[in-house]
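Here the structure is laid out as structure tokens; the discussion comes afterwards.
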Amino acid sequence: MVAPVVIVLAVLVLYPLGYGFYLSLTNANEANVARDIGAFHAPATYKMVGLDNYWSILSGADGDFYPRLTWTIVWTVSCVALHIAIGMGLALLLNRKMRAKLLYRALLILPWAVPAFVGVFAWRLMLNSQYGVFNEMITAVGLPAQNWLATPFAQKVAVIMVNVWIGVPFNMVALLGGLQSIPKELYEASEMDGASPWQRFVNVTLPGLRPVTHTVVLLGCIWTFNMFAVIYLLLGQNTTGEADILVTFAFRKAFTGVSDYSGAATYGIVILALLLAFSTFYRRRQLKTEQA
Numbered sequence: 003m004v005a006p007v008v009i010v011l012a013v014l015v016l017y018p019l020g021y022g023f024y025l026s027l028t029n030a031n032e033a034n035v036a037r038d039i040g041a042f043h044a045p046a047t048y049k050m051v052g053l054d055n056y057w058s059i060l061s062g063a064d065g066d067f068y069p070r071l072t073w074t075i076v077w078t079v080s081c082v083a084l085h086i087a088i089g090m091g092l093a094l095l096l097n098r099k100m101r102a103k104l105l106y107r108a109l110l111i112l113p114w115a116v117p118a119f120v121g122v123f124a125w126r127l128m129l130n131s132q133y134g135v136f137n138e139m140i141t142a143v144g145l146p147a148q149n150w151l152a153t154p155f156a157q158k159v160a161v162i163m164v165n166v167w168i169g170v171p172f173n174m175v176a177l178l179g180g181l182q183s184i185p186k187e188l189y190e191a192s193e194m195d196g197a198s199p200w201q202r203f204v205n206v207t208l209p210g211l212r213p214v215t216h217t218v219v220l221l222g223c224i225w226t227f228n229m230f231a232v233i234y235l236l237l238g239q240n241t242t243g244e245a246d247i248l249v250t251f252a253f254r255k256a257f258t259g260v261s262d263y264s265g266a267a268t269y270g271i272v273i274l275a276l277l278l279a280f281s282t283f284y285r286r287r288q289l290k291t292e293q294a
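The numbering of the sequence shown is my numbering, which starts it at 3 and goes up by one.
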């Protein structure tokens, strides 16, 4: 029973990862990999360069890694913070008694249920400078149409907005489940002690949500750090590159211009190492907090 799982993991995970690491130790690019030109077969001429690619990235010699890393961190922190804050607010609202609660839940979970590429393309159409719905609304009141994705800053705001729209429902559902698992007796006891709603939130709700929140934050950081679809599909080729996070920059490095396969593979390994380091640190910090 174990052998098929091991084989599938080896084919789908270990082989691509191992081959990517191998490429990161070479100078492979579009010009020196093996290729067929008509009936002529050109053999590969790339060679091993050791850790030169890693040194070029980590030393800052390539000039791209640290600006992209800085923006990736800003992007991740901003999105995850908004995911948690908005998801918490919506979960608190849905945890109350109200009419048509199931309808509200269905509507709020819709952005998460719809495939990401469908949602992103819908936003791309709405932000279109010529026939987007946002420009239709502002021109209807006499204001000039805007190019919502014209500048790097506007692009960054747009991708954060779209990613928050996509990611909030998952956080809402997870936190709502956490809220419903908190014993009502704790709220009743704190209310009898004269605690205000804010005190009940701080002293009962937040501690009760801690296990769920820790998991949601960890998953959110990993998913957002690697959120390729939102940035690439929303901006496409209409970008200066300043809104690219590490994963989209690595993709463009591999598949645009003169393809730099070794450089892209190196970025992939570095991204993996960063996420492994963060996950390990986060889990250890969480365990220390729980044991304290």
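Just so you know, even glycine gets a beta-carbon here, dropped at the ideal spot from N, CA and C.
Item to check | Residues bridged to residue 37 [DSSP beta-bridge criterion] | outcome: Assignment of beta-bridge partners to residue 37 by DSSP yields 44.
Checklist entry - Is it buried or exposed for residue 1, if we count other Cβ within 10 angstroms and need 16 for buried? => result It is not possible to answer for residue 1, since the shown part of the chain is limited to 3 through 294.
Item to check | Residues near residue 336 by beta carbon distance below 7 Å, same chain, minus five either side | outcome: Residue 336 cannot be examined here, being either before or after the span of the chain that is shown, 3 to 294.
Checklist entry - In or out: residue 85 buried (at least 16 other Cβ within 10 Å) or exposed? => result So residue 85 ends up on the buried side.
Item to check | Nearest-angstrom Cβ-Cβ length linking residue 214 and residue 192, presumed shorter than 8 Å | outcome: At roughly 20 Å, the Cβ-Cβ gap does not stay under 8 Å, so residue 214 and residue 192 are not in contact.
Checklist entry - Where residue 68 and residue 120 are concerned, what is the direct C-alpha to C-alpha distance, given to the nearest angstrom? => result Their backbone Cα atoms lie some 32 Å apart in a straight line.
Checklist entry - In three-state DSSP terms, what is residue 229? => result Residue 229: coil per DSSP, three-state reduction.
Next on the checklist: Restricting to Cα atoms, I'd like to know which of 265, 122, 101, 284 is closest to residue 60.
Outcome noted: Among 265, 122, 101, 284, the Cα nearest to that of residue 60 is on 265.
Item to check | residue 241 (DSSP reduced to helix, strand or coil) | outcome: Assigned with DSSP and collapsed to three states, residue 241 falls in coil, not helix or strand.
Next on the checklist: Taking the straight line between their C-alpha atoms, what separation do you get for residue 209 and residue 244?
Outcome noted: Approximately 39 Å, taken between the alpha carbons.
Checklist entry - To which residues does DSSP link residue 50 through a beta bridge? => result Residue 50 pairs with 28.
Item to check | Buried or exposed (CB count within 10 angstroms, at least 16 for buried), residue 83 | outcome: Result: exposed.
Next on the checklist: For residue 276 and residue 138, I'd like the C-alpha separation in whole angstroms.
Outcome noted: In a straight line, the C-alpha of residue 276 is about 43 Å away from that of residue 138.
Checklist entry - For residue 53, which option in 91, 268, 64, 9 has the closest C-alpha, if you only look at C-alpha atoms? => result Nearest C-alpha to residue 53: 268.
Checklist entry - Using a Cβ-Cβ cut-off of 8 Å (strictly less than) and excluding sequence neighbours within five positions of residue 184, which residues of its own chain qualify? => result Take residue 184, set aside five residues on each side of it, and the residues of its chain with a beta-carbon closer than 8 Å to its own are 206, 207, 210, 211, in chain order.
Checklist entry - When the Cα atoms are used, what is the spatial distance from residue 285 to residue 178? => result Looking at the two C-alpha atoms, the distance is approximately 23 Å.
Item to check | Any C-beta of chain D under 8 Å from that of residue 150 | outcome: The structure shown contains no chain D; it holds only a single protein chain.
Checklist entry - If we ignore side chains and look at the alpha-carbon of each, how far apart do residue 42 and residue 32 end up? => result Spanning the two alpha carbons is a distance of roughly 16 Å.
Checklist entry - Who are the Cβ neighbours of residue 123 in its own chain at under 8 Å, not counting the five residues just before and after it? => result Listed in chain order, the non-local C-beta contacts of residue 123 below 8 Å within the same chain comprise 235, local neighbours out to five positions each way being set aside.
Item to check | Burial state of residue 74 (16 or more Cβ within 10 Å) | outcome: Counting the other CB atoms within 10 Å of its CB gives residue 74 a total of 16 or more, which places it among the buried residues.
Checklist entry - Below 8 Å between beta carbons: does that hold for residue 181 and residue 130? => result No Cβ-Cβ contact shorter than 8 Å links residue 181 with residue 130.
Checklist entry - Which residues bound the alpha helix (DSSP H) around residue 184? => result Looking at the DSSP string, residue 184 is not in any alpha helix (DSSP H), and its letter there is neither H nor E.
Item to check | Status (buried if at least 16 other CB within 10 Å, exposed otherwise) for residue 78 | outcome: With a 10 Å radius around the Cβ and a threshold of 16 neighbouring Cβ atoms, residue 78 comes out buried.
Checklist entry - Since residue 86 is in the alpha helix (DSSP H), which residue starts that stretch and which ends it? => result Residue range 67 to 96 is occupied by the alpha helix (DSSP H) that includes residue 86.
Next on the checklist: For a quick check, are the C-beta atoms of residue 88 and residue 175 less than 8 Å apart?
Outcome noted: No, the pair does not count as a contact, with Cβ atoms beyond the cut-off.
Checklist entry - How many whole angstroms separate the CB atoms of residue 281 and residue 224, which I take to be in contact at a CB cut-off of 8 Å? => result Their Cβ separation, rounded to whole angstroms, is 7 Å, which keeps residue 281 and residue 224 in contact under 8 Å.
Checklist entry - Using a Cβ-Cβ cut-off of 6 Å (strictly less than) and excluding sequence neighbours within five positions of residue 147, which residues of its own chain qualify? => result Closer than 6 Å at the Cβ level, and outside the excluded window around residue 147, lie 137, 141.
Checklist entry - Three-state secondary structure (DSSP) at residue 57? => result DSSP places residue 57 in helix when its eight states are reduced to three.
Checklist entry - How many Å lie between residue 66 and residue 154 at the Cα? => result Each residue's alpha carbon lies about 16 Å from the other.
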